[in-house]
Amino acid sequence: MDSAEDIFDSSLNLEETHYQEGYKEGYNHGVTTGKEEGQEVGLKTGFETGEELGFYKGCVDVWNSAIQIDPARFSNRVQKGIKQMQELILKYPAMDPEDESVQEIMEALRLKFRVIRAALGVKLEYLGYPKPKDIEF
Numbered sequence: 001m002d003s004a005e006d007i008f009d010s011s012l013n014l015e016e017t018h019y020q021e022g023y024k025e026g027y028n029h030g031v032t033t034g035k036e037e038g039q040e041v042g043l044k045t046g047f048e049t050g051e052e053l054g055f056y057k058g059c060v061d062v063w064n065s066a067i068q069i070d071p072a073r074f075s076n077r078v079q080k081g082i083k084q085m086q087e088l089i090l091k092y093p094a095m096d097p098e099d100e101s102v103q104e105i106m107e108a109l110r111l112k113f114r115v116i117r118a119a120l121g122v123k124l125e126y127l128g129y130p131k132p133k134d135i136e137f
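End of the sequence shown sits at 137 in full-length UniProt numbering; the numbers just go up one at a time, nothing left out.
Here it is in structure tokens:
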């Protein structure tokens, strides 16, 4: 009797066995592709963040150069804003993207940039890296 039950047990457990095998395969595939996709998204996001920080750093460098040539070129308020932007750029935790202050610092940089841009009366804007659909031929 026990041998007859053993024969049918494997048939009855066939669905569960296939389910478990499929789950393990899917899980392993998900871990592999998840890491690859995570790395891809991380590189893209890191590049975009670095590009925006570089844009603001470039603006600050140009403005500081103009101040060195002609200190009266910008008001004290604008000079203070440029200095604060420079401090925010230096404070940005580029090597620790999980730092909770990254978003706060980036928002503060964007706000300072808009304030300085308005005070200078220039139409300077960070547009980001052009997407393929944005490029005209």
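Cβ atoms here follow ideal geometry from the backbone N, Cα and C, with glycine treated the same way. Note that the structure is a prediction, hence the values are computed from the model and not measured.
Measuring CB to CB, does residue 57 end up less than 8 Å from residue 105?
One-based indexing of the sequence shown puts residue 57 at position 57. One-based indexing of the sequence shown puts residue 105 at position 105. No; because the gap between Cβ atoms is not below 8 Å, this pair is not in contact.
So, does the segment 96 to 111 touch the segment 46 to 65, judging by three or more C-beta pairs under 8 Å?
Two segments are said to touch when three or more pairs of C-beta atoms, one from each, lie closer than 8 Å; by this definition the segment 96 to 111 touches the segment 46 to 65.
Beta-carbon proximity list for residue 42, same chain, < 7 Å, skipping 5 on both sides:
Counting from one through the sequence shown, the residue named residue 42 turns up at place 42. Within the same chain, residue 42 has no close Cβ partners at all.
Can you tell me whether residue 126 is helix, strand or coil according to DSSP?
Within the sequence shown, numbered from 1, the residue matching residue 126 stands at position 126. Judged by DSSP in its simplified three-state form, residue 126 adopts coil rather than helix or strand.
Does DSSP put residue 75 in a helix, a strand or coil?
Residue 75 sits at position 75 when you count from the first residue of the sequence shown. Three-state result, residue 75: coil.
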